[in-house]
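Below is one structure, written out as structure tokens; comments come after it.
There are 2 protein chains.
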Amino acid sequence: MAATPRGAGGRPRSAQRAAAPLMERRADARRNIASILDAAVLLLSCDADASVADIAKAAGVGRVTLYGHFSTRADLVDAVLTRTVEQADATLDATDTAGDPRQALTRLVGASWQIVHQFRSVLQAAQRELPAERIRAVHDRILRRVQTIIDRGRQAGVFRDDLPEEWLVTVVFSLMHAAAEDSAAGALDTDDAARIIAATLLAALTAPGATVPTVNP
Amino acid sequence: MAATPRGAGGRPRSAQRAAAPLMERRADARRNIASILDAAVLLLSCDADASVADIAKAAGVGRVTLYGHFSTRADLVDAVLTRTVEQADATLDATDTAGDPRQALTRLVGASWQIVHQFRSVLQAAQRELPAERIRAVHDRILRRVQTIIDRGRQAGVFRDDLPEEWLVTVVFSLMHAAAEDSAAGALDTDDAARIIAATLLAALTAPGATVPTVNP
DNA sequence: ACTAACTTGAACATGCCTGTTCGGGTTAAA
DNA sequence: TTTAACCCGAACAGGCATGTTCAAGTTAGT
Numbered sequence: 236m237a238a239t240p241r242g243a244g245g246r247p248r249s250a251q252r253a254a255a256p257l258m259e260r261r262a263d264a265r266r267n268i269a270s271i272l273d274a275a276v277l278l279l280s281c282d283a284d285a286s287v288a289d290i291a292k293a294a295g296v297g298r299v300t301l302y303g304h305f306s307t308r309a310d311l312v313d314a315v316l317t318r319t320v321e322q323a324d325a326t327l328d329a330t331d332t333a334g335d336p337r338q339a340l341t342r343l344v345g346a347s348w349q350i351v352h353q354f355r356s357v358l359q360a361a362q363r364e365l366p367a368e369r370i371r372a373v374h375d376r377i378l379r380r381v382q383t384i385i386d387r388g389r390q391a392g393v394f395r396d397d398l399p400e401e402w403l404v405t406v407v408f409s410l411m412h413a414a415a416e417d418s419a420a421g422a423l424d425t426d427d428a429a430r431i432i433a434a435t436l437l438a439a440l441t442a443p444g445a446t447v448p449t450v451n452p
Numbered sequence: 236m237a238a239t240p241r242g243a244g245g246r247p248r249s250a251q252r253a254a255a256p257l258m259e260r261r262a263d264a265r266r267n268i269a270s271i272l273d274a275a276v277l278l279l280s281c282d283a284d285a286s287v288a289d290i291a292k293a294a295g296v297g298r299v300t301l302y303g304h305f306s307t308r309a310d311l312v313d314a315v316l317t318r319t320v321e322q323a324d325a326t327l328d329a330t331d332t333a334g335d336p337r338q339a340l341t342r343l344v345g346a347s348w349q350i351v352h353q354f355r356s357v358l359q360a361a362q363r364e365l366p367a368e369r370i371r372a373v374h375d376r377i378l379r380r381v382q383t384i385i386d387r388g389r390q391a392g393v394f395r396d397d398l399p400e401e402w403l404v405t406v407v408f409s410l411m412h413a414a415a416e417d418s419a420a421g422a423l424d425t426d427d428a429a430r431i432i433a434a435t436l437l438a439a440l441t442a443p444g445a446t447v448p449t450v451n452p
């Protein structure tokens with residue numbers, strides 16, 4: 236279902252699509268998809284259960300058209316999530332994760348913070364409407380990134396080895412999201428958040444008996 | 236509205252209630268309220284958006300009766316939240332929070348863990364259906380408990396002083412909830428969770444330059 | 001026995017959201 | 001100009017949840 240978008244009239248189209256010149260025939264479609272996704276991100280960022288009708292209206296597009304591209308609400312949310320995560324992943328690709336694991340983590344937090352903070356509510360919507368396993372799968376690459384750094388830190392002896400690695404990863408994500416909530420509620424200075432998160436995480440990841448490092452901006 | 240429960244027939248009753256013997260006239264009502272609350276906790280613990288109808292059925296009570304006591308769904312959720320928090324508060328009252336702040340925190344985490352773990356989903360439901368300010372108000376006493384310990388720790392020089400206190404409190408709650416989620420998802424050993432949370436928190440609350448303490452069971 | 005307090009299932013009114021269908025546009029390639 | 005591919009608003013169908021109302025019990029005090 237998700238893979239067979241159809242026009243409002245209900246004509247089939249995937250088969251004929253093979254011809255080369257047709258690929259450019261209607262670039263509008265892709266433009267529409269883009270605006271829908273944009274609008275969806277925008278609305279879902281404010282209200283995790285904005286209706287499909289609202290999203291269509293905000294996208295300046297008919298509800299029917301929307302359903303033409305995303306045959307179900309879950310499809311739409313999934314697409315939004317995927318795009319968001321992909322963007323995030325691209326941003327994170329530009330972040331240097333080599334060198335001292337502590338500094339690498341600090342840099343990663345700095346880069347991630349903006350994203351998490353911005354798309355907090357989208358993630359929330361996805362979490363509520365998509366199967367948990369799907370969320371996991373989409374997050375996999377980002378998750379692995381954190382895991383790698385933690386791993387390196389453990390082997391280098393600068394991160395603690397006495398707790399399950401999975402848990403440490405959870406701690407990283409959990410604090411980011413908590414900060415995002417607090418920031419949205421006005422209880423935490425948004426501009427200072429990255430520093431605060433990093434400082435907390437570095438301490439949390441330090442092994443008992445070791446000395447907590449200071450953060451460098 | 237919330238303060239004027241009425242029978243299904245719609246007869247007024249609050250005024251006549253003043254007479255002494257009438258207080259015991261119908262203890263069923265209170266028994267019913269109790270079963271409703273019990274059932275609500277039970278269902279909401281599994282599914283944060285169980286319907287009122289489901290809850291009534293699980294309580295072995297007519298839907299109308301339920302609406303007689305809680306005139307709206309929000310009312311019910313609020314009552315459930317209040318009762319849960321009150322129970323939690325009572326449990327926490329029995330916990331010794333004197334002495335070394337680090338040990339006090341460890342004990343508090345141990346006592347809280349069971350509660351958070353058990354009522355995770357209830358909290359989630361409340362968070363979604365009640366105004367944020369109300370949640371704050373209800374949580375106030377528990378929150379203050381944590382805050383007090385952190386405060387004492389800071390003054391004693393064993394907890395960090397370089398981050399906002401509000402944030403440190405957030406960290407405590409955030410890690411508890413994250414652990415509850417992980418535990419529910421099977422990614423974290425429930426019996427070991429309290430220790431892991433405490434170990435993480437102690438490290439996170441340690442000041443840069445200081446040495447991370449080891450946990451004692 | 002009488003009655004007030006309380007309970008009940010059935011049924012109704014509303015409202016909101018999802019997903020579909022219809023009939024009629026628009027645009028650009030052929 | 002024809003036509004395929006796409007777009008639109010309006011309107012319908014169905015579901016599910018919240019509250020309300022009704023007419024008929026039940027139970028415990030008096």
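As given, the protein sequences belong to chains A and B, one line each in that order. Counting from 1, position 183 in the first sequence corresponds to residue 418 in my numbering; the numbering is continuous, with no gaps. Counting from 1, position 89 in the second sequence corresponds to residue 324 in my numbering; the numbering is continuous, with no gaps. Glycine residues also receive a C-beta, built at the ideal position from the N, C-alpha and C atoms. This one's a predicted model, so the numbers in the text were calculated from it and none came from an experiment.
Put simply, of A/R337, A/Q349 and A/H304 the residue whose alpha carbon is nearest the alpha carbon of A/D324 is A/Q349. Per DSSP, B/V393 lies in no alpha helix (DSSP H) segment and is marked neither H nor E. Judged by DSSP secondary structure, A/F305 falls outside any alpha helix (DSSP H); it is assigned neither H nor E. Fully enclosed beta strand (DSSP E) runs of no fewer than 3 residues are not present anywhere in the stretch 320-373 of chain A.
For the stretch 434-449 of chain A, the beta-carbon criterion of a distance under 7 Å to any beta-carbon of chain B is satisfied by A434, T435, A438, A439, T441, A442, P443, G444, A445, T446, V447, P448 and T449.
Among the residues of chain A, none has a CB under 8 Å from the CB of B/S418; the nearest is roughly 10 Å distant.
Closer than 9 Å to the CB of A/W402 there is at least one CB belonging to chain B. In the DSSP annotation of this structure, the continuous segment of the alpha helix (DSSP H) that includes B/V407 starts and ends at E400 to A419. In the assembly as shown, B/P336 is a buried residue. Its beta-carbon has 16 or more other beta-carbons within 10 Å. With respect to chain B, the C-beta atom of A/R379 has no partner C-beta closer than 9 Å. Between B/A439 and A/A439, the gap from beta carbon to beta carbon is short of 9 Å. Taking a cut-off of 8 Å on C-beta distances, the stretch 419-434 of chain B touches the stretch 340-349 of chain B, as three or more cross pairs fall below it. Boundaries of the alpha helix (DSSP H) harbouring A/A438: T425 to A439, taken from the DSSP string.
Against chain A, the CB of B/L340 has no partner CB under 9 Å away; the residue lies outside that interface.
In the same chain as A/L279, and ignoring 5 residues on each side of it, the C-beta atoms closer than 7 Å to its own belong to A285, V315, S356, V357 and A360, in chain order. Between B/A269 and B/A291, the C-beta spacing is not below 9 Å.
Per DSSP, A/V287 is one residue of the alpha helix (DSSP H) stretching across V287 to A294. Between B/D396 and B/G388, the alpha-carbon positions lie close to 9 Å from each other. Chain order gives the chain B residues near A/I431 as L398, P399 and W402, where near means a beta carbon separation below 8 Å.
Here B/D289 has L278 as same chain residues with Cβ atoms under 8 Å from its own Cβ, once five neighbours each way along the sequence are excluded. Residues of chain A with a Cβ closer than 8 Å to the Cβ of B/V312 do not exist; the shortest Cβ-Cβ separation is about 17 Å.
The C-beta of B/T446 has fewer than 16 other C-beta atoms within 10 Å across all chains shown, which makes the residue exposed. For the stretch 266-300 of chain A, the set of residues with a beta-carbon nearer than 8 Å to any beta-carbon of chain B is empty. Here the alpha carbons of B/D424 and B/L365 stand approximately 31 Å from one another.
Counting only the Cα atoms, B/A333 lies some 33 Å from A/A415. Within 10 angstroms of the beta-carbon of A/R266 lie fewer than 16 other beta-carbons, which makes it exposed.
B/R380 counts as buried, since at least 16 other C-beta atoms from the protein chains shown sit within 10 angstroms of its C-beta.
If you compare the alpha carbons of A/Q382, A/I370, A/A413 and A/A422 with that of A/P399, the shortest gap goes to A/Q382.
Chain-ordered listing is empty here: chain B has no CB closer than 8 Å to the CB of A/A333, the nearest sitting near 24 Å.
Not a single CB atom of chain B sits nearer than 9 Å to the CB of A/V373. With contacts defined as CB atoms closer than 9 Å, B/L311 and B/V287 qualify as a contacting pair. Taking C-alpha positions only, B/L410 is separated from A/F394 by approximately 18 Å.
B/T383 sits in a helix when the DSSP states are folded into three classes. According to DSSP, A/T449 shares a beta bridge with no other residue. Here DSSP, grouped into helix, strand and coil, assigns B/A264 to helix.
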